[in-house]
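Enquirer: This structure is in structure tokens; I'll ask about it shortly.
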Amino acid sequence: MDRCWPKDSDHIIRLFNVGGKKACDHMLTGVNKIGDLPATQKLQPAQKRQIRAMKENRLVVEPGLAQALEPFNVKLGFLDFETIQRAVPVWPDMVPWEQAAAQFSYHERQPDGTYTHAEFLAEGSHDARPELARAMVTATASAERVAMYTSFEKTRIRGLQKRTGAAQ
Numbered sequence: 000m001d002r003c004w005p006k007d008s009d010h011i012i013r014l015f016n017v018g019g020k021k022a023c024d025h026m027l028t029g030v031n032k033i034g035d036l037p038a039t040q041k042l043q044p045a046q047k048r049q050i051r052a053m054k055e056n057r058l059v060v061e062p063g064l065a066q067a068l069e070p071f072n073v074k075l076g077f078l079d080f081e082t083i084q085r086a087v088p089v090w091p092d093m094v095p096w097e098q099a100a101a102q103f104s105y106h107e108r109q110p111d112g113t114y115t116h117a118e119f120l121a122e123g124s125h126d127a128r129p130e131l132a133r134a135m136v137t138a139t140a141s142a143e144r145v146a147m148y149t150s151f152e153k154t155r156i157r158g159l160q161k162r163t164g165a166a167q
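Below, the structure written as structure tokens:
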């Protein structure tokens, strides 16, 4: 655990978006800490900002952040899916190893700064996708925007639309 999940905040694995393979490549060349990166190392803008923040021991907020966040200054929800993936399909119209949404968690920011929570978990052997889709639409109905962590959620929604016949 200490090698794979080091506690040192300067460990190379903690460099934004470095990923395990690149972190391992760095370590094989003797770069174990972010501070050990050579000055010639090509870095993403977010990585450069991270290093600057570490060197200056402060939070770095770039100009334009407030403007970039303006579209999110609305009633905002956050959606996350979990899926099942079986070699032998368990529900109609599935293919082997298809990821099917079986659970969602949804948080919605309220005007007073608190959050409401809605969730759905498929139980039993019946095809829960139509029920999950209805519960998700109900949970997200009052949000002006729904944020998702990756395109994974968007793909799951499209899969639900296809499988349940929901309107696009």
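Anchor point for the sequence shown: position 29 equals 28 in numbering that gives the first Met the number 0, and the numbering is continuous, going up by one each time. Virtual Cβ for every residue (Gly too), placed ideally from N, Cα, C.
#1: I'd like the list of long-range same chain contacts for H175, defined as Cβ closer than 6 Å, with 5 residues on each side in sequence excluded.
#2: Does DSSP put M197 in a helix, in a strand, or in coil?
#3: Measure the alpha-carbon distance for A127 versus A101 and round it to whole angstroms.
#4: Anyone know if the C-beta pair for A99 and Q84 falls short of 9 Å?
#5: Hey, L78 and V145 are a contact pair by Cβ (cut 8 Å); roughly how many whole angstroms apart?
#6: Out of curiosity, what's the CA-to-CA distance linking H125 and P91?
#7: Looking at the unbroken alpha helix (DSSP H) that takes in Q49, where does it start and where does it end?
#8: Please say whether I50 and L58 have beta carbons closer to each other than 9 Å?
#9: By the DSSP assignment, the alpha helix (DSSP H) with G76 in it spans what residues?
#10: Of the choices A142, Q109, F80, whose alpha-carbon is the least far from that of Y148?
#11: Quick one: Cα of A134 to Cα of K32, how far?
#12: If I'm right that A121 touches G76 with Cβ under 8 Å, what's the distance once you round it to whole angstroms?
#13: Between D7 and A22, what straight-line distance do the alpha-carbon atoms span, to the nearest angstrom?
#14: Quick one: what's Q98 bridged to in DSSP?
Expert: Considering the structure as presented:
#1: The requested residue 175 is not part of the displayed model; the chain covers only 0 to 167.
#2: With the chain covering only 0 through 167, there is no way to say anything about residue 197.
#3: Computed Cα separation, rounded: 7 Å.
#4: Against a cut-off of 9 Å, the Cβ pair of Q84 and A99 comes out as a contact.
#5: Confirmed, Cβ separation roughly 5 Å.
#6: Those two C-alpha atoms are separated by around 10 Å.
#7: Boundaries of the alpha helix (DSSP H) harbouring Q49: 44 to 55, taken from the DSSP string.
#8: Here L58 is not near I50, since their CB atoms are 9 Å or more apart.
#9: Element bounds for G76: not the alpha helix (DSSP H) but the beta strand (DSSP E), 75 to 84.
#10: Minimum Cα distance to Y148 is reached at F80.
#11: Rounded to the nearest angstrom, the gap between the Cα atoms of A134 and K32 is 46 Å.
#12: Contact flag wrong, Cβ pair sits at about 21 Å.
#13: The straight-line gap separating the alpha-carbon atoms of D7 and A22 is approximately 14 Å.
#14: Looking at the DSSP assignment, Q98 forms a beta bridge with Q84.
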